[in-house]
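The opening position of the sequence shown corresponds to residue 33 in the working numbering, with each subsequent residue numbered one higher.
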Amino acid sequence: MRNVSAVLLGLMLAAGCGPSGPTARVNFSEVVEPKTPLSEQYMRIAVMNAQMEGDTGEYDQDKWSAMTADLIQHYLEQAAERHNMPIKLVDREHLKLTMGEKDLAAAGVTDSDESLASAQVKGASAILTTKVSIKIQKDVGKQRSIDAMSLVGGGWSQGGWGGGSVDTTEVDEEARNITVTCQFQLKDAATNELVISHNGRPTQDYSKTSSSFFFGSSQTEADMTPRDQVIGNMIDRHAQDFLCKFVPMEVFCEVQVEPSSNEESIAGARILVTAERNEDYEQALASFKQAIAADADDDDSLFGAGVCCEKLRRFDEARKYYKLAQSLEPKETHYGEAVERLSRSSKRQ
């Protein structure tokens with residue numbers, strides 16, 4: 033009798049379920065300087081709770097309203113401390129006591145002179161308001177998967193499939209698409225004149241569970257990255273894009289590089305796992321380029337090449353690779369995020 037485990041392993045490898053290459057985690061950090069620093073006359077800032085829109089039944093509206101304001105205030109405090117800026121922030125608890133929830137909500141309506149005028153805060157020369165829209169779409173589907181018990185019960189016989197039947201079963205799969213849009217405005221507290229604004233383009237995170245054809249089990253949203261983590265990361269990126277317009281921002285991010293099945297792509301990822309010097313990134317880039325030469329539509333290797341070029345500060349070349357990867361797989365959000373990251377700093381233009 034042939035070895036059942038060996039046959040099943042062969043089938044799984046043929047179906048693309050075999051071991052994949054290593055995932056490399058690469059960190060980026062830099063200080064992004066504003067093109068136009070904030071005028072000293074607007075250094076006394078009142079940060080208002082965010083006005084929340086979208087699928088409010090799908091997330092805790094009050095929590096994210098306060099957390100968005102807390103995030104912005106944290107970054108402003110950090111800029112004041114690390115870059116010796118005379119920023120003074122109106123105490124958030126004082127805001128709540130002075131204005132009340134109704135006026136706080138009105139302050140979020142950034143296109144209304146009357147609403148903002150009613151929210152004047154003693155001691156503030158500028159009022160910072162935010163609108164956040166969060167939309168969450170979910171789809172539930174089914175996939176067939178081999179039932180392991182049917183093999184045990186006689187699906188495999190005498191080294192072949194003829195001695196019994198192999199049953200399949202339906203398992204659940206889910207897809208989730210989260211879209212976050214943010215609008216920020218800094219206005220003169222006395223005149224309601226717009227000082228700085230930022231209307232961020234919608235950012236999306238698309239996730240889908242995928243059950244194996246071999247003995248797969250149902251997978252749900254619980255198997256995905258938690259919603260709060262996804263939403264928080266997207267709001268954080270929007271806030272950084274806004275704040276770096278007028279204060280220095282220390283931007284940190286970690287990207288994951290997963291190779292394709294190409295051996296050169298896997299070799300490039302292996303080098304990135306321990307890369308520290310420019311020579312390492314050059315070597316990894318050469319491997320990814322060989323993978324791309326073998327398959328111009330290898331988006332994983334295109335992204336890996338972009339990461340290497342960005343670490344080598346060859347930003348035009350990195351942008352080219354990122355955009356090519358994005359054009360091949362538009363739903364892979366980290367490709368678009370990489371393009372956005374390169375556009376944040378004037379040094380990278």
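For every residue, glycine included, the Cβ atom is placed at its ideal position computed from N, Cα and C.
Keep in mind the model is a prediction, meaning the values are calculated, not measured.
Sequence-distant residues of the same chain with beta carbon closer than 7 angstroms to residue i, five excluded per side
{"i": "Leu121", "result": "Ile77, Val79, Gln105, Leu108, Glu109"}
{"i": "Asp332", "result": "Glu290, Pro291, Ser292, Ser297"}
{"i": "Ala149", "result": "For Ala149, the pLDDT reaches just 43, beneath the cut-off of 50, and the residue's location in the model is therefore unreliable, although a value from the coordinates is still provided. Around Ala149: Asn224."}
{"i": "Tyr313", "result": "Ala307, Cys340, Lys343, Leu344"}
{"i": "Leu226", "result": "Gln217, Lys219"}
{"i": "Gly155", "result": "Arg76, Val122"}
{"i": "Glu349", "result": "Cys341"}
{"i": "Gly368", "result": "Gln358"}
{"i": "Gln322", "result": "Glu296"}
Residues of its chain near residue i, where Cβ-Cβ distance is below 6 angstroms and the 5 sequence neighbours each way are ignored
{"i": "Arg373", "result": "none"}
{"i": "Glu65", "result": "Pro280"}
{"i": "Pro234", "result": "Thr211, Thr213"}
{"i": "Ser165", "result": "Glu85, Gly86, Thr213"}
{"i": "Ala112", "result": "Ile119"}
{"i": "His230", "result": "Phe216, Phe274"}
{"i": "Gly53", "result": "Pro291, Ile298, Ala301"}
{"i": "Ser61", "result": "Phe284"}
{"i": "Met117", "result": "Ala111"}
{"i": "Gln315", "result": "Ile303"}
Residue of the options minimising C-alpha distance to residue i
{"i": "Ser375", "options": "Ala299, Lys67, Gly53", "result": "Lys67"}
{"i": "Pro69", "options": "Cys276, Tyr367, Gly336", "result": "Cys276"}
{"i": "Val172", "options": "Lys219, Ala156, Glu205", "result": "Glu205"}
{"i": "Leu103", "options": "Asn209, Ile263, Glu225", "result": "Ile263"}
{"i": "Lys170", "options": "Ala254, His366, Ala112, Ser157", "result": "Ala254"}
{"i": "Lys363", "options": "Lys154, Gln236, Val58, Glu85", "result": "Gln236"}
{"i": "Gly232", "options": "Arg346, Thr88, Ile267", "result": "Ile267"}
{"i": "Gln288", "options": "Gly300, Ser319, Gly155", "result": "Gly300"}
{"i": "Ala56", "options": "Lys321, Glu286, Glu90, Asp220", "result": "Glu286"}
{"i": "Glu361", "options": "Arg346, Asp329, Asn265, Gly338", "result": "Asp329"}
{"i": "Asp92", "options": "His366, Gly155, Lys167", "result": "Lys167"}
{"i": "Met99", "options": "Asn265, Ile159, Ser157, Gly89", "result": "Asn265"}
{"i": "Ala158", "options": "Tyr367, Asp260, Pro258, Ala221", "result": "Ala221"}
CB contact flag (residue i, residue j, <8 angstroms)
{"i": "Gln73", "j": "Thr161", "result": "no"}
{"i": "Val63", "j": "Leu304", "result": "no"}
{"i": "Ile324", "j": "Leu317", "result": "no"}
{"i": "Gly336", "j": "Phe347", "result": "no"}
Cβ neighbours of residue i in the same chain (closer than 8 angstroms, five flanking residues each side left out)
{"i": "Phe371", "result": "Reading the sequence as shown, one finds Val at residue 371 and not Phe. For Val371, where only same-chain residues beyond five positions count, the Cβ hits under 8 angstroms are Arg351, Tyr354, Lys355, Gln358."}
{"i": "Ala101", "result": "Val79, Met80, Asn81, Ala82, Arg124, Thr162"}
{"i": "His115", "result": "Val279, Pro280"}
{"i": "Thr365", "result": "Thr235, Gln236, Asp237, Tyr238"}
{"i": "Ala326", "result": "Asn294, Glu296"}
Segment contact, 8 angstroms Cβ cut-off, at least three pairs: the stretch 266–275 with the stretch 286–294 | no
Entirely enclosed alpha helix (DSSP H) segments - the stretch 293–373, minimum 4 residues | With a minimum length of 4 residues, the continuous alpha helix (DSSP H) runs that stay inside the stretch 293–373 are 295–306, 310–326, 331–343, 347–360.
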